[in-house]
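2 protein chains.
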Amino acid sequence: MEILIGIAAGTLTSLSMLPQLIKVIKEKDVQALSPVMILVLLAGVSLWIVYGIMKSEWPIIISNAFSVLVNATLLIYYCIFKE
Amino acid sequence: MEILIGIAAGTLTSLSMLPQLIKVIKEKDVQALSPVMILVLLAGVSLWIVYGIMKSEWPIIISNAFSVLVNATLLIYYCIFKE
Numbered sequence: 001m002e003i004l005i006g007i008a009a010g011t012l013t014s015l016s017m018l019p020q021l022i023k024v025i026k027e028k029d030v031q032a033l034s035p036v037m038i039l040v041l042l043a044g045v046s047l048w049i050v051y052g053i054m055k056s057e058w059p060i061i062i063s064n065a066f067s068v069l070v071n072a073t074l075l076i077y078y079c080i081f082k083e
Numbered sequence: 001m002e003i004l005i006g007i008a009a010g011t012l013t014s015l016s017m018l019p020q021l022i023k024v025i026k027e028k029d030v031q032a033l034s035p036v037m038i039l040v041l042l043a044g045v046s047l048w049i050v051y052g053i054m055k056s057e058w059p060i061i062i063s064n065a066f067s068v069l070v071n072a073t074l075l076i077y078y079c080i081f082k083e
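Following this line, the structure appears as structure tokens:
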């Protein structure tokens, strides 16, 4: 039961930035976004990957690798669309 | 060593939404923010609290309780400032 809740929780937190990325690509508006938030989140999920590799926990590695991908893309779009 | 990296990773991902909340309060602008992102993230961190309670893991409970607080506040400000 814990494992199911853990997987659901990890999937939701990993997927959460995807709608934000889609909105930014669609509307080309990043004015209200905090670049510090994106950078701190990128650092955090990158460290989770290191943690996952050290503990050989694949669900942690995969879900956070996905988050790094989404957040790195968001950061690139932030730099492109920021006035 | 793993535990230190885990704590650092958890602290960073928990703190990441704080600069976003501060920016929103300061600038009263939520136009570029995705409400779906906030809602999915809220659901995810809430489930992490359930997971932490089931496993009696206090670091998970505390860091995600902090995230729920920040994200719930962000959601309230989103509703207030959204045109």
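Heads up: the protein sequence lines correspond to chains A and B, in order.
Using the UniProt record's numbering, the letters of the first sequence correspond one by one to residues 1 to 83.
Using the UniProt record's numbering, the letters of the second sequence correspond one by one to residues 1 to 83.
Note that the Cβ used here is the ideal one computed from N, Cα and C, for glycine as well.
Computed from a prediction, not measured in an experiment: that's the story for all the values here.
Burial is judged here by how many other beta carbons sit within 10 angstroms of a residue's own beta carbon; A:Q31 has fewer than 16 and is exposed. If you ignore the 5 residues before and after A:K28, its C-beta comes within less than 8 Å of the C-beta of F81, all in its own chain and listed in chain order. In the structure shown, B:L33 adopts coil according to DSSP, grouped into three states.
Leaving aside the five residues that flank A:G52 on each side, the residues in its chain whose CB is nearer than 6 Å to its CB run, in chain order, I60 and I61. A distance below 7 Å between beta-carbons, with the five flanking residues on each side excluded, links B:T73 to the following residues of its chain, in chain order: L21. The C-beta of B:A8 comes closer than 8 Å to at least one C-beta of chain A. Collapsing the DSSP output to three states places A:M17 in a helix. A straight-line Cα-Cα distance of about 45 Å links B:E2 and B:E83.
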